[in-house]
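Colleague: Numbering (my numbering) for the sequence shown: 1 to 439. Even glycine gets a Cβ: it sits at the ideal position worked out from N, Cα and C. Predicted model only: the values in this text are computed from it and were never measured. Pasting in a structure now, in structure tokens, and then I'll have a few things to ask.
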Amino acid sequence: MGTPVYTFRGGTHVEEYKNTRGKKIEKLPLPEVVEIPLAQHIGVVCRPVVKAGDHVYRGQLIGEASSGLYCLVHSSVSGTVSEIKVRHNAQAQPIETVVIKSDGLQELDPGIHPHDRKLSETSPDEIVEIIRKAGISGMGGAMFPTHAKIKSSMGRVNRLIVNCAECEPFITANHRLMLERPQDIVNGAKILLRALGLTLAELAVEDNKADAINRLLEVIGKSSFIKVRVMQTKYPQGDERQLIYALTGREVPAGKLPVDVGCVVFNAETCAVIYRAFAYGLPLIERCITVDGDCIAEPKNLLVPLGASYRSLIECCGGLVKKPYKIINGGPMMGAARWEIDAPVTKGTSAVLVFSEDFAKQSDYSACIRCGRCVKNCPMHLMPVYLAQYAMARRYDDAEKMGVMSCVECGTCSYNCPGNVQIVQYIRVAKGAIKARRS
Ligand code: SF4
Ligand code: SF4
Numbered sequence: 001m002g003t004p005v006y007t008f009r010g011g012t013h014v015e016e017y018k019n020t021r022g023k024k025i026e027k028l029p030l031p032e033v034v035e036i037p038l039a040q041h042i043g044v045v046c047r048p049v050v051k052a053g054d055h056v057y058r059g060q061l062i063g064e065a066s067s068g069l070y071c072l073v074h075s076s077v078s079g080t081v082s083e084i085k086v087r088h089n090a091q092a093q094p095i096e097t098v099v100i101k102s103d104g105l106q107e108l109d110p111g112i113h114p115h116d117r118k119l120s121e122t123s124p125d126e127i128v129e130i131i132r133k134a135g136i137s138g139m140g141g142a143m144f145p146t147h148a149k150i151k152s153s154m155g156r157v158n159r160l161i162v163n164c165a166e167c168e169p170f171i172t173a174n175h176r177l178m179l180e181r182p183q184d185i186v187n188g189a190k191i192l193l194r195a196l197g198l199t200l201a202e203l204a205v206e207d208n209k210a211d212a213i214n215r216l217l218e219v220i221g222k223s224s225f226i227k228v229r230v231m232q233t234k235y236p237q238g239d240e241r242q243l244i245y246a247l248t249g250r251e252v253p254a255g256k257l258p259v260d261v262g263c264v265v266f267n268a269e270t271c272a273v274i275y276r277a278f279a280y281g282l283p284l285i286e287r288c289i290t291v292d293g294d295c296i297a298e299p300k301n302l303l304v305p306l307g308a309s310y311r312s313l314i315e316c317c318g319g320l321v322k323k324p325y326k327i328i329n330g331g332p333m334m335g336a337a338r339w340e341i342d343a344p345v346t347k348g349t350s351a352v353l354v355f356s357e358d359f360a361k362q363s364d365y366s367a368c369i370r371c372g373r374c375v376k377n378c379p380m381h382l383m384p385v386y387l388a389q390y391a392m393a394r395r396y397d398d399a400e401k402m403g404v405m406s407c408v409e410c411g412t413c414s415y416n417c418p419g420n421v422q423i424v425q426y427i428r429v430a431k432g433a434i435k436a437r438r439s
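The structure is reproduced here in structure tokens:
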């Protein structure tokens, strides 16, 4: 492509399994029922503003909070609220969830309308308010409320990066979005530039997506405000700390945030939904999801109303061809295992992967052979082998001194370990124990 290729230190090459990269985004048939949790973001849980028996429109507000870190919640279908129940999320926390029976009409909330002024006539604070009202949170998996991220970055950043890396195996939803709706991503980036008072947004795309890079370049044309940065295909290139280092040479210190080094990173689909909020007034009520894994009959990319069950996605992909052993929300490296097939899709669900025992089961036997590979590949420059050993011995103070809290849980160490040591699992235990002690 003749363009510089950016990268970071450490990391690894993982088997890509991008089986769905050629699969156009299909609309999931409208589910009869959706179950919408009132916390699909980092922060306080919203309270319901509807009750059983109420009629709701598509896009109508159903959950809100007025203080703290929060993200508003809207209905993804028109229909009737059948109940408000408690459901456990991927972290096993009980969350109030609004159950809505669809009426099949998908009538849009009459209060939804496009923003009535041009971007150049809209102030940064007004943009933040549009995004807050649309209930947008980070869609790459972090689920941080977007309005709060923009607000805390105003006047503090000089680099805006759009994360189009999609480095996790299997997931191709962002890749398809770049091919099919590149203008939404680019327009979202322009809105963010206006909100942050910057003049350049850098779209970071791995070099295994040449077709997407070309589509973005076509849409960008001669604009000097948006540039595509071609990143080396390497895991975890999509981790925002690695992106920032690769593009700016700045390292985010342990315990600090990208904003502390003058950078802010937004996911590609987050940019697209920001544009739709601005252009059409649409809240975040649907998202693109890759459905794959060796148990899935016909892997696909789907456009899914939030609250649809994993089961409905799997049925749309022809059902299961093998007995499922593991269901993962997100990618196989950093995603979370779910124990129920009727779990609902949320704002942070980038993929639903279903694997058989043959594919996913790891050997029960593990032993460190002191090869040092985990140390060599750790993108955070940690000593994973020692962190795991301290965690096993419950020496959490020692693990903390060795920087365990800086681990981004990318799984690179476990992926490469010839001794089959579940390093990242031990690290998670240590981090959980340290966090519990602090609270
Ligand atoms: S990669 Fe595995 S076997 Fe090698 S040093 Fe690390 S923990 Fe030990
Ligand atoms: S120690 Fe943490 S950051 Fe380093 S490779 Fe392992 S999971 Fe990734």
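Using beta-carbon positions only, say whether G59 and I285 come within less than 7 Å of one another.
Modeller: When the beta-carbon positions are compared, G59 and I285 come within less than 7 Å of each other.
Colleague: Buried or exposed: where does P236 fall if 16 or more other Cβ atoms within 10 Å of its Cβ makes it buried?
Modeller: buried
Colleague: Is it buried or exposed, Y365, if we count other Cβ atoms within 10 angstroms and call 16 or more buried?
Modeller: exposed
Colleague: Do A308 and P31 have their beta-carbon atoms positioned less than 7 Å apart in this structure?
Modeller: yes
Colleague: What span of residues does the alpha helix (DSSP H) with P384 cover, start to end?
Modeller: Note, P384: alpha helix (DSSP H), P384 to M392.
Colleague: Since I believe N416 is in contact with A268 (beta carbons under 8 Å), could you give me their beta-carbon distance rounded to a whole number of angstroms?
Modeller: Not confirmed; about 27 Å, so no contact.
Colleague: What did DSSP end up calling N329 once you bin it into helix, strand or coil?
Modeller: strand
Colleague: Assign Y57 to one of three DSSP states: helix, strand, or coil.
Modeller: coil
Colleague: Rank T80, C167 and G411 by C-alpha distance to the C-alpha of G104 and give the top, closest one.
Modeller: T80
Colleague: What would DSSP say about E400, mapped onto helix, strand or coil?
Modeller: Of the three classes helix, strand and coil, the one that applies to E400 here is helix, per DSSP.
Colleague: Note the first and the last residue of the continuous alpha helix (DSSP H) segment covering R437.
Modeller: I423 to R438
Colleague: Compare the beta carbon distance of E35 and L302 with 7 Å and say whether it is the shorter of the two.
Modeller: no
Colleague: Does the beta-carbon of G255 have 16 or more other beta-carbons within 10 angstroms, so that it is buried, or is it exposed?
Modeller: Classification for G255: exposed.
Colleague: Give every residue of the same chain whose Cβ lies closer than 7 Å to the Cβ of C378, excluding the five residues on either side of it in the sequence, and list them in chain order.
Modeller: Non-local C-beta neighbours of C378 in its own chain, meaning closer than 7 Å and more than five positions away in sequence, comprise G10, P384, T412 and C413, ordered along the chain.
Colleague: Compute the beta-carbon to beta-carbon distance between R194 and G262, rounded to the nearest angstrom, for a pair I have assumed lies under 8 Å.
Modeller: Incorrect: roughly 18 Å between the Cβ atoms, too far for contact.
Colleague: Does the structure place the region 160-176 close enough to the region 306-326 that three or more beta carbon pairs sit under 8 Å?
Modeller: no
Colleague: May I ask you to verify whether the region 77-97 touches the region 51-58, counting CB pairs closer than 8 Å and requiring at least 3?
Modeller: yes
Colleague: For the alpha helix (DSSP H) holding V261, just list the boundary residues, first then last.
Modeller: Neither: V261 is in no alpha helix (DSSP H) and is coded neither H nor E.
Colleague: Can you tell me where the beta strand (DSSP E) with E168 in it begins and where it stops?
Modeller: No beta strand (DSSP E) contains E168, which DSSP labels as neither H nor E.
Colleague: What do you get for R437, buried or exposed, if any count of 16 or more other CB atoms within 10 angstroms of its CB means buried?
Modeller: exposed
Colleague: Can you tell which of T290, R276, I427 and V429 has its C-alpha closest to the C-alpha of I136?
Modeller: For I136, the closest of T290, R276, I427 and V429 by C-alpha to C-alpha distance is R276.
Colleague: Can you name, in chain order, every residue of its own chain whose Cβ lies under 6 Å from the Cβ of R176, other than the five neighbours on each side?
Modeller: I25 and N301
Colleague: Along the chain, where does the alpha helix (DSSP H) that runs through V273 open and close?
Modeller: A268 to Y280
Colleague: For the structure I just gave you, are there three or more beta carbon pairs, one from the region 191-210 and one from the region 236-249, closer than 8 Å?
Modeller: yes
Colleague: So I191 packs on I127, CB below 8 Å; how close in whole Å?
Modeller: 6 Å
Colleague: Does E168 pass the burial test, meaning 16 or more other C-beta atoms within 10 Å, or should it be called exposed?
Modeller: buried
Colleague: Within 10 angstroms of the Cβ of K323, are there 16 or more other Cβ atoms? Answer buried if so, exposed if not.
Modeller: By the 10 Å Cβ count, K323 comes out exposed.
Colleague: Which residues neighbour ligand 1 when neighbourhood means a C-beta less than 7 Å away from any of its non-hydrogen atoms? List them by chain order.
Modeller: Listed by chain position, these are C368, I369, R370, C371, G372, R373, C374, V375, P384, V385, A388, C413, N416, C417, P418, G419, V421 and I423.
Colleague: Flag I191 as yes if its beta-carbon sits less than 7 Å from any beta-carbon of chain D, otherwise no.
Modeller: Chain labels in this structure do not include chain D; a single protein chain is all it has.
Colleague: Where does T346 fall in DSSP's three states?
Modeller: coil
Colleague: Taking only three categories from DSSP, how would you classify N19?
Modeller: coil
Colleague: Between P283 and N19, which are expected to be in contact by the criterion C-beta below 8 Å, what is the C-beta distance as a whole number of angstroms?
Modeller: Between N19 and P283 the Cβ distance is about 31 Å, and since that is not below 8 Å, they are no contact.
Colleague: Need the endpoints of the alpha helix (DSSP H) that V128 sits in, please.
Modeller: First-last of the alpha helix (DSSP H) with V128: P124 to K133.
Colleague: Mark R117 as exposed unless 16 or more other C-beta atoms lie within 10 angstroms of its C-beta, in which case mark it buried.
Modeller: exposed
Colleague: Using CA atoms only, rank isn't needed, just tell me which of D292, L72, K361 and V230 is closest to P145.
Modeller: L72
Colleague: Just checking C410 against ligand 2 - is the residue's beta carbon closer than 6 Å to any of the ligand's heavy atoms?
Modeller: yes
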